[in-house]
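The opening position of the sequence shown corresponds to residue 150 in the working numbering, with each subsequent residue numbered one higher.
Backbone N, C-alpha and C fix where the C-beta goes; we use that ideal spot for every residue, glycine too.
Predicted model only: the values in this text are computed from it and were never measured.
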Amino acid sequence: MSLHPGSACLRAPAPRPTKRPFGRVCGTVAVLAASALATGGCGSSNPAASLPPTTEPYVLFAPVRSNVTYLMDLQGQLVHQWTSDAGPACSVYLLEDGELLRPKSLGQGSFPNGGCNGGRVELMDWDGHVTWSYDYIGVDHQQHHDVKRMPNGHILMIAWETRTAAEALAAGRDPSTIPADGTIWVDHVVEVDPATNTIAWIWRAWDHLLPPGVSPAAHPELIDPNAATTSASDWTHANAVDYNPDLDQVMVSVRNFSEVWVIDHSTTTAQAAGHSGGKSGRGGDLLFRWGNPRNYGLSAPQQIFGQHNAHWIEPGLQGAGNVLLFDNGDQTARPYSTVVEFQPSGGGFGLPYGTDPQSGFLPDAPLWRYVANPPESLFARIISSAQRLVSGNTLVCDGTGGRFLEVTTAGQTVWTYLVTDTNGGTAVSTFRVTRYEAGFPGLSGQTLTPQGPVRVVLTPAPAGRGEPPM
Numbered sequence: 150m151s152l153h154p155g156s157a158c159l160r161a162p163a164p165r166p167t168k169r170p171f172g173r174v175c176g177t178v179a180v181l182a183a184s185a186l187a188t189g190g191c192g193s194s195n196p197a198a199s200l201p202p203t204t205e206p207y208v209l210f211a212p213v214r215s216n217v218t219y220l221m222d223l224q225g226q227l228v229h230q231w232t233s234d235a236g237p238a239c240s241v242y243l244l245e246d247g248e249l250l251r252p253k254s255l256g257q258g259s260f261p262n263g264g265c266n267g268g269r270v271e272l273m274d275w276d277g278h279v280t281w282s283y284d285y286i287g288v289d290h291q292q293h294h295d296v297k298r299m300p301n302g303h304i305l306m307i308a309w310e311t312r313t314a315a316e317a318l319a320a321g322r323d324p325s326t327i328p329a330d331g332t333i334w335v336d337h338v339v340e341v342d343p344a345t346n347t348i349a350w351i352w353r354a355w356d357h358l359l360p361p362g363v364s365p366a367a368h369p370e371l372i373d374p375n376a377a378t379t380s381a382s383d384w385t386h387a388n389a390v391d392y393n394p395d396l397d398q399v400m401v402s403v404r405n406f407s408e409v410w411v412i413d414h415s416t417t418t419a420q421a422a423g424h425s426g427g428k429s430g431r432g433g434d435l436l437f438r439w440g441n442p443r444n445y446g447l448s449a450p451q452q453i454f455g456q457h458n459a460h461w462i463e464p465g466l467q468g469a470g471n472v473l474l475f476d477n478g479d480q481t482a483r484p485y486s487t488v489v490e491f492q493p494s495g496g497g498f499g500l501p502y503g504t505d506p507q508s509g510f511l512p513d514a515p516l517w518r519y520v521a522n523p524p525e526s527l528f529a530r531i532i533s534s535a536q537r538l539v540s541g542n543t544l545v546c547d548g549t550g551g552r553f554l555e556v557t558t559a560g561q562t563v564w565t566y567l568v569t570d571t572n573g574g575t576a577v578s579t580f581r582v583t584r585y586e587a588g589f590p591g592l593s594g595q596t597l598t599p600q601g602p603v604r605v606v607l608t609p610a611p612a613g614r615g616e617p618p619m
């Protein structure tokens, strides 16, 4: 089925150990909605569950250059929207309690041209009122790109922190790769408890660097300070975070490394800064990494290029427990995008993930890969996403093209949609798209009357600034 807006269907809390002062963390509650926090997994039932369920799927998306988040049906008809005073940064989630989880851009701060600069994470009710917000921004840190609501109601977020040239050189980085401004951005993961507005857990990539003079191949659980280095300050550039409650593990998509990392969440913050502790016994060291074995000294082929939206497929869906991601591709090495599903070897419940001396972390190839026909017809250099649906099909977001498509396991396209702005323009950059199936609790009892085709309201493009590496 091909669909264009306006047309019918045309065809089928532990204190964090610090080595230096850190920027002030500001947590604020706009309206502390106790019921909303309780339904995040703290033991109370979801009131939406007793309301009439929806009978059809709906699609949620937030264009990068818009202050509006849109919910539409599969015919491209707007059924609801949430309006903010600033753009997204950059993901949005509709929760089972009916609230919208949305990181919000507070500007570039100390991280110019980072892409998806955030700084504030908000919960909004159905009417667009902010029920909770938390600021994570300062001279040396800023939330960006993605967040994840955990079953206990806590919020995981990824953030940059700055490191100096002196720190990088002491860690063994090649002096020729130090950025001109002497600042290096490195990612960390922060877990915030909305009930208390305190940081419950934190993990830093910088705590797990390979010591100078040590072979990367001998310690793939550590991060080589000379891997994926360029003259840019933004070294790691994480763009997605996910949580697996069965394993108590966190997944981070690290775009500039073309890798997916998995870390142990069962650690304390102190253990997460070290190399022992937690169910794995390995502290905050990488339990698993996949995508580019050359980052840890092996010559095996690179599997993915600048990926986005890496996550575990949810229980009950085809491929549950496997990892699904949008593999963006590379203009030189592979100028087209794909969707990749792979099945990590081992790694469950404290067991080590499987490795091979030549291939590195297993598997040595994806389980499934969607490739467009012709391949070059799908190439989104940045942003984009993939989601496994209840049918077994996969929903794909061509982020730079502003195009959504549903594909079968055999690669057949069965539904498409093209995002269009108020001037009739297309190629509306969209970070991610998510479908909520019929019966989704977060939409129960809501009025979802079609209001006409979606027409995206865009904000002006920033003057004098190129496209950031989102």
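Could you spell out the range, first to last residue, of the alpha helix (DSSP H) harbouring residue i?
i    : result
T418 : 418 to 421
List the DSSP bridge partners of residue i.
i    : result
Y585 : Y207
N266 : H293
F475 : H457, V488
S402 : A389, V409
P602 : Q226
D276 : None; D276 has no bridge partner.
P212 : T579
R518 : V489
T481 : None, per the DSSP bridge assignment.
Would the beta-carbon of residue i fall within 8 angstroms of that of residue j?
i    : j    : result
S402 : A389 : yes
M625 : V208 : This structure gives no information on residue 625, because the portion of the chain shown stretches from 150 to 619.
P599 : G509 : no
G427 : T418 : no
T385 : D336 : yes
L436 : G496 : yes
A211 : F580 : yes
P145 : A459 : Nothing in the structure corresponds to residue 145, since the chain is present only between 150 and 619.
T549 : Y519 : no
H293 : A314 : no
H457 : S534 : yes
T311 : W334 : yes
L567 : S215 : no
T203 : F589 : yes
L249 : L255 : no
F454 : D479 : yes
If you follow the beta strand (DSSP E) that residue i is part of, which residue opens it and which one closes it?
i    : result
E525 : Where E525 is concerned, there is no enclosing beta strand (DSSP E), given that its DSSP letter is neither H nor E.
E490 : 487 to 491
Q230 : 227 to 232
T311 : 304 to 313
E555 : 552 to 556
P221 : Sequence inspection shows Met at residue 221; the Pro mentioned does not correspond to that position. That run of the beta strand (DSSP E) goes 217 to 221.
P252 : 249 to 254
L567 : 562 to 567
In this structure, how does DSSP classify residue i when only helix, strand and coil are distinguished?
i    : result
G440 : coil
R322 : coil
V539 : coil
P369 : coil
W384 : coil
D513 : coil
A235 : coil
A349 : strand
E316 : helix
G287 : strand
G495 : strand
H337 : strand
W355 : helix
P590 : helix
Identify which residue in the options has its Cα closest to the Cα of residue i.
i    : options                : result
Q561 : Y392, T543, L538, E205 : T543
N444 : F406, A314, G247, G478 : F406
N393 : A514, V472, G601       : V472
A469 : G541, R404, G478, G258 : G541
F491 : P617, K253, F475       : F475
E340 : W350, T332, G331       : W350
S448 : I412, P464, P506       : P506
Q230 : S240, D276, G263, C239 : D276
P617 : V582, I532, V556       : I532
R517 : Y502, T558, P523       : Inspection of the sequence shows that residue 517 is occupied by Trp rather than by Arg. Of the candidates Y502, T558, P523, the one whose C-alpha sits nearest the C-alpha of W517 is T558.
P369 : E408, A587, V296       : E408
L527 : A235, A317, R483, T504 : R483
Y585 : P602, R604, Q536       : Q536
P524 : N477, P501, V563, W564 : N477
V338 : V582, W352, H357, D234 : W352
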